[in-house]
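Every position in the sequence shown, counted from 1, becomes a number in the numbering used here once 885 is added.
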Amino acid sequence: MQLKNLTQHIINKNSFLCVGLDTELKRLPKHLQQQPNAVLQFNKAIIDATKDYCVSYKINTAFYEAMGAKGWDIMEATLHYIPATHFSIADAKRGDIGNTAAQYARTFFEVYPFDAVTVAPYMGEDSIRPFLEYNQKVTIVLGLTSNKGSEDFEQLIVQETGGNSGAYSQKKLYEKVIEKVANWGTTEQLMFVVGATKTVEMKQIRSIVPEHFFLVPGVGAQGGNLNEVADFGWNKNIGLLVNASRSIIYADDTENFQITAAAAAATYQLIMQQILSQKLL
């Protein structure tokens, strides 16, 4: 799915939910853990349970890479099981020099044909440009993340000189990064990660990039508020894809996990339906 189709899909489904498949064998229901294809079996069950309530799936590649070659096979099989009607994201957070970035882009856009991939911007344009060469794909750039460590670099104050006037202005580093990256591609090629626990800052980020989609992690287990996210991050194209992982896929560790996951996703979808009905008046 291309980003230009996502808004209509959100409206059709009454949902802007992305389900994160951060699957760990040790966290699976006990009755599955001894199965030879436990992770894939679990992922398929979660997709079957939640596909009616979400518009996207995000595969955090770290959980699959940690399993070695078998993990890559599971990730590929999971990707191909995701319905074509749903926006697929490789949460890989890649970021390296240009020739290496080109191989990462090829990996996640060709070998594993995801619709989008997350990248880190701190090595500059040449580390992101290879991803943007894929015009029909989406590059999701880390903007302001929910973790405490975002204070170490993302939230540093950057002082700028105001041209001929010589006056100084101050911005947070993440603001400068988002402002600059937005000029490297179109709103159809670029999204930004903005954490759900950063809703006050989200309002400022929305003023910098009024037309871009945000991928918003941090609701559910991390405590982000869905209504606040909608209030601060909404734009004319809806502009929000809110991810929930643990609060859905690990909602139950019994043989009823599939039913409980469906109920958890349905709860998010119901809140999102209410938000959409209000915002789209």
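Don't be surprised by glycine CBs; every beta carbon is placed ideally from N, CA and C.
Residue i, DSSP secondary structure in three states
i, result
"Lys978", "strand"
"Tyr989", "helix"
"Phe994", "helix"
"Leu1165", "coil"
"Val1062", "helix"
"Ala1150", "helix"
"Phe999", "coil"
"Val1023", "strand"
"Leu1126", "strand"
"Val1094", "coil"
"Leu1111", "helix"
"Gly953", "coil"
"Leu1029", "strand"
"Leu913", "coil"
"Met960", "helix"
"Met886", "coil"
"Met1076", "strand"
"Gln918", "helix"
Pick from the options that is closest to residue i, judged by C-alpha positions
i, options, result
"Asn1141", "Leu902, Lys889, Ala930", "Ala930"
"Val1094", "Phe1117, Asp1037, Gln1143", "Phe1117"
"Lys1083", "Ala977, Pro1102, Ala986", "Pro1102"
"Leu1111", "Gly1080, Ile1090, Arg1091, Ser1092", "Gly1080"
"Ala1001", "Lys1057, Val1078, Ala934, Lys1088", "Val1078"
"Asn1032", "Trp957, Val1104, Ile896", "Val1104"
"Asn1120", "Arg1014, Lys1088, Ala1149", "Lys1088"
"Phe994", "Gln893, Leu1161, Ile974, Pro921", "Ile974"
"Gly1028", "Asn890, Val1062, Ala1136", "Val1062"
"His894", "Tyr966, Gln988, Thr970", "Thr970"
"Leu1161", "Ala1115, Ser1132, Ala947, Leu910", "Ala1115"
Rounded C-alpha distance that separates residue i from residue j
i, j, result
"Ala1147", "Asn945", "20 Å"
"Ser1035", "Leu1041", "9 Å"
"Gln1021", "Leu888", "9 Å"
"Asn984", "Leu1165", "44 Å"
"Glu1018", "Ile932", "30 Å"
"Thr963", "Met952", "14 Å"
"Ile982", "Asn1122", "33 Å"
"Ile1134", "Tyr1053", "48 Å"
"Gln1044", "His1097", "25 Å"
"Asp1037", "Ala1005", "15 Å"
"Val1085", "Met1157", "20 Å"
"Leu968", "Lys1056", "Just to set this straight, residue 968 is Pro in the shown sequence, not Leu. When rounded, the distance between both Cα atoms is 41 Å."
"Gln926", "Asp1138", "14 Å"
"Ala986", "Val924", "29 Å"
"Tyr949", "Arg979", "15 Å"
"Thr935", "Gln1143", "9 Å"
"Pro921", "Asp907", "19 Å"
"Tyr1059", "Asp937", "35 Å"
Identified DSSP bridge partners for residue i
i, result
"Glu1039", "Its beta-bridge partners do not exist; DSSP assigns none."
"Ser941", "Cys903, Phe972"
"Gln1055", "Gln1044"
"Ile1101", "First, the amino acid is wrong: residue 1101 is Val here, not Ile. Answer is Val1127."
"Asn1120", "Ile1123"
"Val1004", "Arg979, Val1026"
Quick check: the stretch 907 to 924 against the stretch 1112 to 1129, are there 3 or more CB pairs under 8 Å?
no
Cβ pair count under 8 Å reaching 3, the stretch 903 to 910 against the stretch 933 to 942: Short answer: they touch.
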